[in-house]
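Those sequence lines, one after another, are chains A and B. So for the first sequence, our numbering puts the first residue at 9; every next one is plus one. So for the second sequence, our numbering puts the first residue at 110; every next one is plus one. Below: the structure, in structure tokens.
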Amino acid sequence: MSEPLLKLAGGTVYDPANGIDGVRKDLYVQGGRIVDAPADGEAPARTVDLDGLVVMPGGIDIHSHIGGGKVNIARMLLPENARKHPVEATRITRGGTAGIVPSTFVTGYQYAAMGYTACFEPAMLPANARHAHLEMADVPIVDSGAYVLLGSDDFFLRLLASGASPEMRRDYAAWIVNATQSLGIKVVNPGGINAFKFNQRSLDLDEKHPFYGVTPRDVLVALAQAVAELGIPHSLHVHGCNLGVPGNVDTTLRTIAASEGLPVHLTHLQFHCYGREGDRKFSSGAAAVADAVNANPNISVDVGQIIFGQTVTASGDTMLQFGARKRAQPPKWVCMDIECDAGCGVVPFHYRDRNFVNALQWCVGLELFLLVRDPWRVFLTTDHPNAGPFSAYPHIIRLLMDRSYRNEVLRTLHPAARRHSTLESIDREYTLQEIAIITRAGPARALGLRDLGHLGPGARADITVYSPHRNPEQMFAKPRYVFKNGELVARNGRVIAAPAGDLHVVRPPFDAQIERHLERHFRRYMGISASRLRVEADELLAHGRGGIQAHPLRT
Amino acid sequence: MKDRETIRDVVCPFCSLLCDDLRVERRGRALKVTGNTCARARKGFERSDPELECHVRGRPATVEQAADHAARLLRDARQPLLAGMAADVAGCRAAAALAERCGAIVDHVHGEATHRNLRVLQSRGWFLTTLAEVANRADLVILVGTDTRENYPRFLERWAGPTPSLARRKGRTIFYVGPAGARLPDGSRSIPCTREQVGDVIGVLRTLHAGREPGKTPAWLSRALPGLRELAGQLRSAAYTVFVWSPGELDPVGGDLVIHDVCELVADINRTTRAAGLSLAGNDGGATCQSVLAWQYGFPMRVGFARGAPEYDPLLNAAGRALDEGGIDAMVWLNAFNPDLDPPRTRAPLIALTRPSPRLAGEAEVYFPVTVPGLDHGGAMFRTDNVVSMPLRGLRPPAARRAADILEMIADRV
Numbered sequence: 009m010s011e012p013l014l015k016l017a018g019g020t021v022y023d024p025a026n027g028i029d030g031v032r033k034d035l036y037v038q039g040g041r042i043v044d045a046p047a048d049g050e051a052p053a054r055t056v057d058l059d060g061l062v063v064m065p066g067g068i069d070i071h072s073h074i075g076g077g078k079v080n081i082a083r084m085l086l087p088e089n090a091r092k093h094p095v096e097a098t099r100i101t102r103g104g105t106a107g108i109v110p111s112t113f114v115t116g117y118q119y120a121a122m123g124y125t126a127c128f129e130p131a132m133l134p135a136n137a138r139h140a141h142l143e144m145a146d147v148p149i150v151d152s153g154a155y156v157l158l159g160s161d162d163f164f165l166r167l168l169a170s171g172a173s174p175e176m177r178r179d180y181a182a183w184i185v186n187a188t189q190s191l192g193i194k195v196v197n198p199g200g201i202n203a204f205k206f207n208q209r210s211l212d213l214d215e216k217h218p219f220y221g222v223t224p225r226d227v228l229v230a231l232a233q234a235v236a237e238l239g240i241p242h243s244l245h246v247h248g249c250n251l252g253v254p255g256n257v258d259t260t261l262r263t264i265a266a267s268e269g270l271p272v273h274l275t276h277l278q279f280h281c282y283g284r285e286g287d288r289k290f291s292s293g294a295a296a297v298a299d300a301v302n303a304n305p306n307i308s309v310d311v312g313q314i315i316f317g318q319t320v321t322a323s324g325d326t327m328l329q330f331g332a333r334k335r336a337q338p339p340k341w342v343c344m345d346i347e348c349d350a351g352c353g354v355v356p357f358h359y360r361d362r363n364f365v366n367a368l369q370w371c372v373g374l375e376l377f378l379l380v381r382d383p384w385r386v387f388l389t390t391d392h393p394n395a396g397p398f399s400a401y402p403h404i405i406r407l408l409m410d411r412s413y414r415n416e417v418l419r420t421l422h423p424a425a426r427r428h429s430t431l432e433s434i435d436r437e438y439t440l441q442e443i444a445i446i447t448r449a450g451p452a453r454a455l456g457l458r459d460l461g462h463l464g465p466g467a468r469a470d471i472t473v474y475s476p477h478r479n480p481e482q483m484f485a486k487p488r489y490v491f492k493n494g495e496l497v498a499r500n501g502r503v504i505a506a507p508a509g510d511l512h513v514v515r516p517p518f519d520a521q522i523e524r525h526l527e528r529h530f531r532r533y534m535g536i537s538a539s540r541l542r543v544e545a546d547e548l549l550a551h552g553r554g555g556i557q558a559h560p561l562r563t
Numbered sequence: 110m111k112d113r114e115t116i117r118d119v120v121c122p123f124c125s126l127l128c129d130d131l132r133v134e135r136r137g138r139a140l141k142v143t144g145n146t147c148a149r150a151r152k153g154f155e156r157s158d159p160e161l162e163c164h165v166r167g168r169p170a171t172v173e174q175a176a177d178h179a180a181r182l183l184r185d186a187r188q189p190l191l192a193g194m195a196a197d198v199a200g201c202r203a204a205a206a207l208a209e210r211c212g213a214i215v216d217h218v219h220g221e222a223t224h225r226n227l228r229v230l231q232s233r234g235w236f237l238t239t240l241a242e243v244a245n246r247a248d249l250v251i252l253v254g255t256d257t258r259e260n261y262p263r264f265l266e267r268w269a270g271p272t273p274s275l276a277r278r279k280g281r282t283i284f285y286v287g288p289a290g291a292r293l294p295d296g297s298r299s300i301p302c303t304r305e306q307v308g309d310v311i312g313v314l315r316t317l318h319a320g321r322e323p324g325k326t327p328a329w330l331s332r333a334l335p336g337l338r339e340l341a342g343q344l345r346s347a348a349y350t351v352f353v354w355s356p357g358e359l360d361p362v363g364g365d366l367v368i369h370d371v372c373e374l375v376a377d378i379n380r381t382t383r384a385a386g387l388s389l390a391g392n393d394g395g396a397t398c399q400s401v402l403a404w405q406y407g408f409p410m411r412v413g414f415a416r417g418a419p420e421y422d423p424l425l426n427a428a429g430r431a432l433d434e435g436g437i438d439a440m441v442w443l444n445a446f447n448p449d450l451d452p453p454r455t456r457a458p459l460i461a462l463t464r465p466s467p468r469l470a471g472e473a474e475v476y477f478p479v480t481v482p483g484l485d486h487g488g489a490m491f492r493t494d495n496v497v498s499m500p501l502r503g504l505r506p507p508a509a510r511r512a513a514d515i516l517e518m519i520a521d522r523v
């Protein structure tokens with residue numbers, strides 16, 4: 009091999025996917041990948057001494073709104089926030105703005121500086137796919153990918169309502185995943201975004217759509233089946249009905265039951281675990297939901313942990329966001345009905361620790377982290393920027409690893425929240441290995457990224473090296489070294505190189521007949537050719553995308 | 110490439126509807142639109158582009174010489190301005206990178222009209238919709254001071270006509286509020302008023318919709334009251350109302366207030382039934398420019414890099430004001446679509462990148478002819494709704510360079 013060999017010597021390695029839990033171990037990197045130790049004592053071209061340092065795979069964010077229409081609307085809506093956080097260009101980096109919705113270049117730098125090397129946009133509309141991809145191509149360093157949003161589009165609802173065969177629904181889903189260069193499929197308020205266009209203001213799991221007559225359960229099951237049958241590695245990514253509504257814990261439990269063993273990922277679960285108990289008619293349903301997750305191995309979740317402070321919520325769930333407009337802070341908001349496809353709602357929000365509801369939301373998130381027993385099925389997210397910015401991850405890691413700190417913070421919150429939550433009585437503290445699972449190994453496995461999220465031979469050399477510190481927040485905020493494909497991209501929390509990241513996709517097969525149906529539908533109703541949805545690899549490479557990685561399907 | 114051919118399903122970049130069904134005949138480099146066309150498309154596709162060299166001070170130059178000269182001007186300038194910004198995504202990306210490199214202010218040729226929208230977005234937000242939603246759901250369309258004939262010629266035909274509807278609506282009513290003489294489909298209703306009076310009409314409509322009676326109204330408005338009462342009733346009974354406005358056609362003084370009032374009314378209606386706004390804006394790459402700048406820097410057009418990091422000041426960074434009062438000492442004019450759109454007048458040296466224009470080649474300090482996205486090369490542009498972006502493709506052999514390539518050459522030299 010002609011590529012120079014890099015030796016990362018003597019670090020303490022946490023590599024859960026390979027069963028390595030805090031073992032002192034040398035790693036070797038060549039051609040951007042981890043390789044076996046050279047057999048015949050080939051001398052490395054370069055050695056980095058990691059003695060006493062903690063080594064993990066690069067972080068992977070399974071759910072972060074980093075690109076596409078609603079994120080860009082949030083930027084245009086809130087220039088006053090961006091103005092407070094200007095970022096100047098350097099010799100290596102471009103300028104932009106930080107704040108609650110960072111500009112694209114800054115997003116990439118912030119993630120990389122924090123030791124993350126991949127992040128995934130969870131709600132890409134087919135109609136907006138080209139935009140989302142162009143935007144993500146401008147997020148440097150980190151790899152990315154997207155889950156395409158289906159289930160409130162008129163084409164799919166018509167298929168369901170007309171009793172079209174499961175094969176046809178599957179072909180449609182597969183065509184969309186291919187055309188829009190997606191890694192998975194997401195459903196948001198199944199059918200509900202569409203129902204809102206017919207003036208329906210809420211739609212529970214078994215309530216019929218006012219026009220198509222199908223229920224959210226029908227949509228959910230049909231899409232989960234399609235994902236499973238197509239062999240798409242990532243489960244159907246589900247933002248369920250009734251987000252944020254007190255009492256929605258029942259909907260969530262019924263949604264878990266409705267999955268009937270099909271692989272389903274429940275995203276930002278914190279927003280879906282609210283009871284109606286107590287004198288304030290708002291309580292935590294986290295324990296019941298965690299029990300159901302523990303009992304159903306087909307379910308994985310990410311949390312969407314609340315972070316106190318100013319943020320902006322950007323969601324495809326127009327129905328719920330229109331309702332939330334009254335709580336907008338500052339008092340301005342955007343909603344859109346989008347292209348017989350879906351919608352979006354952008355509502356700025358300020359989570360306050362002295363507000364009972366917000367404080368209890370904070371507790372609910374942490375309860376979920378601590379009560380879901382299998383770390384391989386729960387992932388660290390803030391649903392960036394909806395519950396808080398991704399830059400808060402080191403803080404959340406401290407809350408998870410340090411019970412006394414957690415309870416110290418809890419005691420500063422609205423006192424009723426403490427009384428309405430079991431959080432204070434939970435003893436569990438996450439280990440470093442468990443943190444490595446919920447922030448890299450678990451997301452990689454859940455997404456089917458076989459060469460990411462671990463440090464075995466053949467893995468991409470996306471490696472983060474931390475200086476141990478008794479305060480995990482400090483340890484995780486500014487990693488000593490971050491390597492992307494073996495290249496040192498950040499040191500002590502500063503970006504020192506900014507290569508382009510790759511795009512991760514899957515390419516499930518479909519019967520080409522579906523294109524005829526789609527083209528007829530598009531020319532008749534949508535006014536454009538269905539082929540315009542197709543985002544070509546060349547377009548993305550021409551716009552600075554590093555490369556496109558197509559991952560194998562499950563067989 | 111064959112000498113002549115018929116090309117179907119061509120995307121038209123000459124207004125922000127980005128119609129994708131044109132039929133174009135090509136003979137050599139000459140294009141003729143023979144199907145699904147409009148006056149703007151004909152003008153845009155059928156203009157004969159002369160083969161033109163780069164120019165420095167009115168004399169032919171190589172592209173390298175011209176780029177060197179442009180870079181020198183920008184390097185030496187205290188406050189450059191990058192205006193026009195009429196380009197595709199690639200052109201806007203390259204222009205933004207150049208602006209950041211040389212500390213320029215960036216504004217779009219339609220920045221003033223766009224700003225009317227952005228003021229409303231940034232002060233109260235809004236509820237908008239997209240073209241296919243209008244076509245399939247709207248049973249009531251209200252054109253607010255906006256005659257689509259000139260700037261969005263096929264809007265009514267393609268998106269508000271008697272199209273088949275997914276939501277099985279029974280027909281649609283079109284109301285127009287604005288100056289007489291607008292092109293409207295048969296059966297449309299009209300509330301005639303001057304451009305300056307549109308806001309008054311919307312104000313009264315809000316009052317009536319809220320179930321209140323307007324106070325004393327001037328005679329012209331009193332005459333319109335029966336029609337407005339009927340319209341207010343329709344706002345309550347319609348399943349999905351869409352208000353359409355084009356910010357550039359509204360009153361230059363109070364246009365943003367009209368948009369603000371329309372957005373308030375849309376929010377009011379949405380408490381009980383469904384409504385949304387649709388802004389027709391962003392021609393000449395305006396929607397594209399706005400989206401690209403917002404994602405790259407966090408701010409739409411009218412951003413400046415004088416102090417390094419991006420600064421958004423939509424008043425100070427307006428091209429006109431910057432030229433009048435901002436000490437602009439070099440101007441880049443980027444315009445890949447319509448060379449009849451003139452750059453703003455300035456005594457500062459002009460670096461022009463336009464679709465071939467012999468006149469500008471003679472007038473500018475540095476001149477680069479550039480290709481047209483969607484005619485000479487592929488790319489992507491954003492539609493008026495800022496949601497859908499359309500892929501463009503080249504139809505003929507290019508006779509110049511892409512704006513993006515020239516902008517990169519200049520940036521590399523600054």
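All C-beta atoms, glycine included, are put in the ideal place defined by N, C-alpha and C. What you are looking at is a predicted structure, and each value in this text was computed from that prediction instead of being measured.
Check, Outcome
"Cys163 (chain B) versus B:Ala520, B:Tyr476, B:Leu227, B:Thr493, residue with shortest Cα-Cα distance", "B:Tyr476"
"Alpha-carbon spacing of Thr480 (chain B) relative to Ala148 (chain B), whole angstroms", "21 angstroms"
"Residue-level contact to chain A via CB, Trp404 (chain B), 9 angstroms cutoff", "yes"
"For Met534 (chain A), three-class secondary structure by DSSP", "helix"
"Inter-residue Cα distance where the pair is Ala508 (chain B) and Gly466 (chain A)", "47 angstroms"
"Cα-Cα separation between Leu425 (chain B) and Lys92 (chain A), rounded to whole angstroms", "18 angstroms"
"Positions along the segment 524-538 of chain A whose CB lies within less than 8 angstroms of some CB in chain B", "Arg532, Tyr533, Met534, Gly535, Ile536, Ser537"
"DSSP bridge partner residues for Glu420 (chain B) (one or two, in chain order)", "B:Gly413"
"Straight-line gap, Val353 (chain B) to Val253 (chain B) (C-alpha atoms, nearest Å)", "6 angstroms"
"Within chain A, partners of Glu209 (chain B) - CB distance below 8 angstroms", "Ala97, Arg102, Gly103"
"Proximity of Val473 (chain A) and Phe484 (chain A) at Cβ, strictly below 9 angstroms", "no"
"Beta carbon proximity, Gly193 (chain B) to chain A, threshold 9 angstroms", "no"
"Alpha-carbon to alpha-carbon, Arg41 (chain A) and Pro156 (chain B)", "The displayed chain sequence assigns Arg, not Pro, to residue 156 (chain B). About 53 angstroms."
"Option nearest Arg502 (chain A) by Cα separation, candidates A:Leu85, A:Val114, A:Asp57", "A:Val114"
"Cross-strand partners of Ala126 (chain A) (DSSP beta bridge)", "A:Ile68, A:Asp151"
"Arg168 (chain B) burial status per 10 Å Cβ neighbour count (16 or more: buried)", "exposed"
"Own chain residues within Cβ distance below 7 angstroms of Phe206 (chain A), not counting five before or after", "Pro218, Phe219"
"Close beta carbons around Arg263 (chain B), own chain, < 7 angstroms, minus the five adjacent residues each side", "Leu126, Cys128, Cys147"
"Assumed close pair Pro482 (chain B), Ala445 (chain B) - CB separation to whole angstroms, cut-off 8 angstroms", "6 angstroms"
"Per-residue burial, Lys15 (chain A) [other beta carbons within 10 Å of its own, 16 or more giving buried]", "buried"
"Secondary structure of Leu536 (chain B), DSSP reduced to three states", "The question about residue 536 (chain B) has no answer, for chain B in this structure spans 110 to 523."
"Reference Gly60 (chain A); option with closest CA among A:Gly76, A:Lys33, A:Gly554, A:Ser243", "A:Lys33"
"8 angstroms contact criterion, which Arg136 (chain B) and Arg117 (chain B) should meet: CB distance rounded", "Arg136 (chain B) to Arg117 (chain B), Cβ: 16 angstroms. No contact."
"Chain B contact for His217 (chain A) (CB, 9 angstroms cutoff)", "no"
"Member of B:Gly234, B:Val133, B:Ile214 whose CA lies at the smallest distance from the CA of Phe414 (chain B)", "B:Ile214"
"When B:Arg502, B:Arg411, B:Gly391 are compared against Arg430 (chain B), the one with the closest alpha-carbon", "B:Arg411"
"Expected contact under 8 angstroms - CB spacing of Met490 (chain B) and Val198 (chain B) to nearest Å", "7 angstroms"
"The segment 111-125 of chain A contacting the segment 87-102 of chain A, beta-carbon criterion three pairs below 8 angstroms", "yes"
"Interface positions of the segment 228-247 of chain B facing chain A (Cβ-Cβ less than 7 angstroms), listed along the chain", "Leu230, Gln231, Ser232, Arg233, Gly234, Trp235, Phe236, Leu237, Thr238, Thr239, Leu240, Ala241, Glu242, Ala244, Asn245, Arg246"
"Cross-chain neighbours of Gly77 (chain A) in chain B, by beta carbon under 8 angstroms", "Asn495, Val496"
"Contacts of Trp183 (chain A) in chain B (Cβ-Cβ under 7 angstroms)", "Under the 7 angstroms cutoff, chain B gives no residues; its nearest Cβ is about 17 angstroms from Trp183 (chain A)."
"Any chain A beta carbon closer than 9 angstroms to Leu424 (chain B)", "no"
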